[in-house]
Amino acid sequence: MILKIQIPFIQKKHGKHALCSFTGLLPNDQTHILTKYKNKKKLKKHRITFLFILVSVLMFWSCSRLNPIERSKENTSAYITKTAFLLNTVVTITIYDKQEESLLDESMDLIRHYEKIYSRTAKDSELYALNHSMVPFNGKTRQISNELSQLLAYGLSYSKLSEGAFDISTAPISSLWNFTGLSPILPSEDDINNALQLVNYEFIQLNGNELSFSKENIRIDLGAIAKGYIADRVKEYLQSKNVKSAMINLGGNILCIGNKPDGSPFHIGIQKPFADRNETIEVMKLSDVSVVSSGIYERFFSLDGKLYHHILNPETGYPYENDLISVTIISNKSVDGDGLSTSCFALGLEKGLKLLADIPDTYGVFITKDYEIIYSEGFHDAIELVR
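Under this note's numbering, the first residue of the sequence shown is numbered 3, with each subsequent residue one higher.
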């Protein structure tokens, strides 16, 4: 049986389709920092700067201690929160309007479920098995799970939307780079050139849950959109349990349900790249949205005076080179924030702004290497800044 999947080909508002809609947001009065963490054992050793998003919340979690479940000690605004190390990062879920701890446990279990499908490096994941098996090519198909098919469809839609600047077939080149090693080295030119022969999203054909490749040894990397997609699924679960005020933080991808407990919008700040974690470059008043950033300061190393970051160009095999430091996307769905932040960064300032202009209810903040801030069309009409 062919599975019919409703999939978001992110679509232009002047065309036949529209961007899929969805809702979510953040917590209370005091200012705290939510940050992207990689392997916590390596945090103290490596010269790596991560994305920080400053959010108005009641509590702040620490990367050095993963608390099972915490409760607010203030009767005026009770909440429960849980932190775990999943998806190779620190994830935190906070619920403000319910005291059912099982909701936190089940949300974490849901994240674990998807990690066993989408992880490129976990040996027990479906994607790992797919990448390390002989997948049929030249028209022959292989059955994959509904969950993997759905995320692949999102990934292919962004690959098409960005005309290949965002590409889910980059596993052959991304596996050559190590941005967290103690002694990073550049991949050899021969290795990169050989890997590039296997990189092209058009080699991948998806029909429902039937997958085929038009070339041998194709490997898939869904890391650029998996966290956003999983965050959306967690939000759907919590909403199905009638949660109306909550925050989902998957390693810096922020997606919340509802407003602050008093009904006012949350203040979400974007950290100034390469600056102290407490220094914001912009703060926004937002309600019921996702905030996701991509930038060169998240994972990088320097060698012979040159910075190499983790956003790789599928045409060259090397990091993208343009005038941008970061792109932040404010959108309804977190998967769209993931896909668009990477796509817009890859496309560069001019093409990235043009892309966002055609997508409804989605806005971007572009930061250049000289720290100029450029907003996408319609940003100031939709979003109020904190001054």
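We put the beta carbon where it would ideally sit given N, CA and C, even for glycine.
Please list the terminal residues of the continuous alpha helix (DSSP H) segment that includes residue i.
i	result
S176	A173 to S176
E108	E103 to Y120
V236	A228 to S242
N133	E128 to N133
Since residue i and residue j are thought to touch, with beta carbons under 8 Å apart, how far apart are those beta carbons, to the nearest angstrom?
i	j	result
L129	I222	6 Å
F168	S161	6 Å
K237	I259	6 Å
D248	Y98	In the sequence on display, residue 248 carries Ala and not Asp. Confirmed, about 6 Å.
P316	T172	5 Å
E1	I119	Outside the shown range of the chain, which is 3 to 389, sits residue 1, and nothing can be said about it.
Grouping DSSP H, G and I as helix and E and B as strand, with all else coil, what is residue i?
i	result
L45	In this prediction, L45 has a pLDDT of 33, which is less than 50 and means its spatial position is unreliable; what the coordinates show is noted afterwards. DSSP places L45 in helix when its eight states are reduced to three.
E386	strand
Q152	helix
I194	helix
A348	helix
V337	helix
K160	Looking at the sequence provided, one finds Tyr at residue 160 rather than Lys. In the structure shown, Y160 sits in a helix (DSSP, three-state: H, G or I).
F181	coil
Y203	helix
F381	helix
S343	helix
T37	Caution applies to T37, whose pLDDT of 35 falls short of 50 and renders its modelled position unreliable; the model cannot decide the point.
E165	coil
At what residues does the beta strand (DSSP E) containing residue i begin and finish?
i	result
A359	Unbroken run through A359 is the alpha helix (DSSP H), L351 to A359; no beta strand (DSSP E).
I392	Residue 392 is absent from the structure shown; the chain starts at 3 and stops at 389.
Y310	K308 to H311
K84	I82 to L88
Y377	I375 to Y377
I272	F268 to Q273
S214	E212 to F215
For residue i, is the classification buried or exposed, using 16 other Cβ atoms within 10 angstroms of its Cβ as the cut-off for buried?
i	result
Q199	exposed
K47	In this predicted model, K47 has a pLDDT of only 34, less than 50, meaning its place in the structure is not dependable enough to derive any value.
E300	buried
H311	buried
G307	exposed
D234	buried
Y86	Checking the sequence, you will find Ala at residue 86 rather than Tyr. With 16 or more Cβ atoms within 10 Å of its Cβ, A86 is classed as buried.
L309	exposed
S216	exposed
I385	buried
A197	buried
G339	buried
P362	exposed
K100	buried
Y116	buried
S378	buried
V388	exposed
Three or more C-beta pairs under 8 Å: does that hold for the segment 332-340 against the segment 178-185?
no
Can you find at least 3 beta carbon pairs, one from the segment 236-254 and one from the segment 208-226, that sit closer than 8 Å?
no
Three or more C-beta pairs under 8 Å: does that hold for the segment 262-270 against the segment 282-292?
yes
How about the segment 340-351 and the segment 319-328: do they share at least three Cβ pairs that are nearer than 8 Å?
yes
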